[in-house]
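K.L.:
Residue numbers (my numbering): 1 to 438. We treat Cβ as the ideally placed atom computed from N, Cα and C, and that holds for glycine.
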Ligand code: UDP
């Protein structure tokens, strides 16, 4: 396994970020604010922007959005880097949804380019040689890795039946993966990737974690099966700009830390808190909730122009190439040049930029760690939140749930409906587990 020492760590180059718009007042700190707002919204991500946008359009409410970061869009934030590629600061995001309400909503703020995400894995076969195989695993995956001879759904069912364990009630990630895939696929695709991602073995995690990735009996190699799968034509950040920027009812202040500035903030009718719920209740003395974070290691490559491979001008054959084995310590490499919503200059570029993705304990909170101990702890925080007067907790970090983007939109829209109706603050749709990256 290769390990990156701290001195070698270059991370992501944020020195040049282009392609986004902003109002100069966003950087005025607490200067120039009104004495009172209908809502103060903590966090300029999906949930915060939905609340501000809906509040204004439906009820004419005036909102102040604050964010401690220097940009809007939360973890969806993307920008044009110094090489001309549109990249995502917080990891690759792929929009997909089965919720018509969400699809109609996001179409109000962007044109969309159809895009079906296909993920490959670089895995060792039975001869210890690397193969590029579809993930989620399907017929081609087992044929290439294990010399299987599977060419129909029936043969794939039989291949799996000969291996998978029967367990109607898998209690953890390992049991869940073994019932679906059997030991060979478990070892090659799930076990080590999960350990790298979570620093926990699958048996230490809820069954739901690995259930995000199906095992396919057919030849469908798409990562998602939702009816709506697309990329925003001008990037994700533009969606948020279009939601809030030209609305006189919405005021934005960036680089403002809610916890530091709380005593200095204007009055408001409702605080909408979209940050981590354990940070909000830090003074209560409860243990902290556990989160996994990510680090991205950026590399610029100029692939050989005379490259005779199937993908000249690219570093790898697809946008996302997973490395499920233990021999490297990153989980995946993302090459944004493959995204069809790249600007023309990026498409024409002889070079390409890649991001190796490492999972780690410290940093921005990306993933709630789903296991019984964290769930129980979250419920204690949730009980505090339910009794908190004048505050509405919304979103992935406030709910300690790893929402996909569309789930975050739907959750915020539905909680907004409830707030508007003056009733109980709760979402209606049971979202279930998210089913893929972001
Ligand atoms: N996973 C895996 N091997 C893979 C891809 C995913 O074992 O090649 C497991 C792993 O436990 C991971 C989970 O499935 O944490 C969810 O993967 P997903 O791609 O949805 O993760 P995200 O993109 O949200 O980080």
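Which residue from 347, 389, 332 and 402 puts its Cα closest to that of residue 371?
P.N.:
The shortest C-alpha separation from residue 371 is found at 402.
K.L.:
Strictly by DSSP, which residues pair up with residue 301?
P.N.:
Paired residue(s): 352.
K.L.:
Residue 63: buried (16+ other C-beta within 10 angstroms of its C-beta) or exposed?
P.N.:
Flag for residue 63 reads buried.
K.L.:
Does the distance from the C-beta atom of residue 42 to that of residue 409 stay below 8 Å?
P.N.:
It is not a contact, given that the beta carbons lie outside the stated cut-off.
K.L.:
Do residue 318 and residue 39 count as a contact pair if the criterion is CB distance below 8 Å?
P.N.:
Result no, Cβ atoms of residue 39 and residue 318 do not sit closer than 8 Å.
K.L.:
Buried or exposed for residue 171, please, with buried defined as at least 16 other CB atoms from any protein chain shown within 10 angstroms of its CB.
P.N.:
Residue 171 should be labelled exposed.
K.L.:
Rounding to the nearest angstrom, what Cα-Cα distance links residue 138 and residue 175 in this structure?
P.N.:
Residue 138 and residue 175: Cα-Cα distance of roughly 20 Å.
K.L.:
Residue 296 and residue 11: beta carbons closer than 8 Å?
P.N.:
Their beta carbons are under 8 Å apart, which means residue 296 touches residue 11 by this criterion.
K.L.:
What residue range is occupied by the uninterrupted beta strand (DSSP E) comprising residue 97?
P.N.:
Residues 95 to 97.
K.L.:
Quick one: give me the first and last residue of the alpha helix (DSSP H) that residue 416 is part of.
P.N.:
Counting along the chain, the alpha helix (DSSP H) containing residue 416 begins and ends at 405 to 421.
K.L.:
Does the distance from the CB of residue 337 to the CB of residue 99 come in under 8 Å?
P.N.:
Against a cut-off of 8 Å, the Cβ pair of residue 99 and residue 337 comes out as no contact.
K.L.:
Leaving aside the five residues before and after residue 332 along the sequence, list all residues of the same chain whose C-beta is less than 7 Å from its C-beta, in chain order.
P.N.:
Counting only Cβ-Cβ distances below 7 Å, and skipping sequence neighbours, we find 320, 321, 322, 323 and 357.
K.L.:
Could you work out which residue in 210, 119 and 254 is closest to residue 220 when comparing CA atoms only?
P.N.:
Looking at the Cα atoms, 119 is the closest of the given residues.
K.L.:
Determine the extent of the alpha helix (DSSP H) in which residue 244 is found, giving its start and end residues.
P.N.:
Note, residue 244: alpha helix (DSSP H), 236 to 244.
K.L.:
Among residues of its own chain, excluding the 5 on either side of residue 147, which ones have a beta-carbon nearer than 7 Å to its beta-carbon?
P.N.:
These residues qualify, in order along the chain: 126.
K.L.:
Is it buried or exposed, residue 107, if we count other Cβ atoms within 10 angstroms and call 16 or more buried?
P.N.:
So residue 107 ends up on the exposed side.
K.L.:
Is there contact between the stretch 275 to 288 and the stretch 149 to 168, where contact requires at least three CB pairs shorter than 8 Å?
P.N.:
No, because fewer than three Cβ pairs between the stretch 275 to 288 and the stretch 149 to 168 fall closer than 8 Å, the two stretches do not touch.
K.L.:
Does the stretch 203 to 210 come within contact of the stretch 233 to 252, defined as at least 3 CB pairs closer than 8 Å?
P.N.:
Cβ pair count under 8 Å is below three, so no.
K.L.:
For the stretch 220 to 231 and the stretch 75 to 89, state whether three or more C-beta atom pairs, one from each stretch, are separated by less than 8 Å.
P.N.:
With a cut-off of 8 Å, the stretch 75 to 89 and the stretch 220 to 231 do not count as touching, because too few Cβ pairs lie within range.
K.L.:
If you draw a straight line from the alpha carbon of residue 192 to that of residue 200, how long is it in whole angstroms?
P.N.:
Cα to Cα, residue 192 sits roughly 10 Å from residue 200.
K.L.:
Please say whether residue 412 and residue 390 have beta carbons closer to each other than 8 Å?
P.N.:
The answer is no: Cβ separation not under 8 Å.
K.L.:
Under the three-state reduction of DSSP, which class applies to residue 89: helix, strand or coil?
P.N.:
Residue state, collapsed to three classes: coil.
K.L.:
Give me whichever residues DSSP pairs with residue 112 in a beta bridge.
P.N.:
Residue 112 pairs with 232.
K.L.:
State yes or no: is the C-beta of residue 219 nearer than 7 Å to some heavy atom of the ligand UDP?
P.N.:
No, Cβ of residue 219 sits at least 7 Å from all heavy atoms of the ligand UDP.
K.L.:
Look up residue 295 in the DSSP assignment and give the residues it is bridged to.
P.N.:
Partner(s): 358.
K.L.:
How long is the line joining the alpha carbons of residue 75 and residue 188, rounded to whole angstroms?
P.N.:
Roughly 30 Å separates the two Cα atoms.
K.L.:
Between residue 99 and the ligand UDP, is the CB less than 7 Å from at least one heavy atom?
P.N.:
No, Cβ of residue 99 sits at least 7 Å from all heavy atoms of the ligand UDP.
K.L.:
In whole angstroms, what separates the C-alpha of residue 168 from that of residue 136?
P.N.:
When rounded, the distance between both Cα atoms is 22 Å.
K.L.:
Can you look up residue 57 in the DSSP assignment and give me helix, strand or coil?
P.N.:
Of the three classes helix, strand and coil, the one that applies to residue 57 here is helix, per DSSP.
K.L.:
Please list the terminal residues of the continuous beta strand (DSSP E) segment that includes residue 67.
P.N.:
Note, residue 67: beta strand (DSSP E), 63 to 67.
K.L.:
Would a C-beta distance cut-off of 8 Å place residue 363 and residue 300 closer than the cut-off?
P.N.:
No; because the gap between Cβ atoms is not below 8 Å, this pair is not in contact.
K.L.:
Taking buried to mean at least 16 other C-beta atoms within 10 Å of its own C-beta, is residue 130 buried or exposed?
P.N.:
The residue is exposed, with fewer than 16 neighbouring Cβ atoms inside 10 Å.
K.L.:
Would DSSP call residue 146 helix, strand or coil?
P.N.:
The answer is helix: DSSP assigns residue 146 an H, G or I state.
K.L.:
Tell me which residues share the same chain as residue 239 and place their Cβ nearer than 7 Å to its Cβ, disregarding the 5 neighbours each side in the sequence.
P.N.:
Only 106, 109, 110 and 232 meet the Cβ criterion.
K.L.:
Give me the Cα-Cα distance between residue 72 and residue 349, rounded to the nearest whole angstrom.
P.N.:
C-alpha separation (whole angstroms): 28 Å.
K.L.:
To the nearest whole angstrom, what separates the beta carbons of residue 67 and residue 44, a pair I think is in contact under 8 Å?
P.N.:
Indeed, because the Cβ distance is near 4 Å, the residues count as touching under 8 Å.
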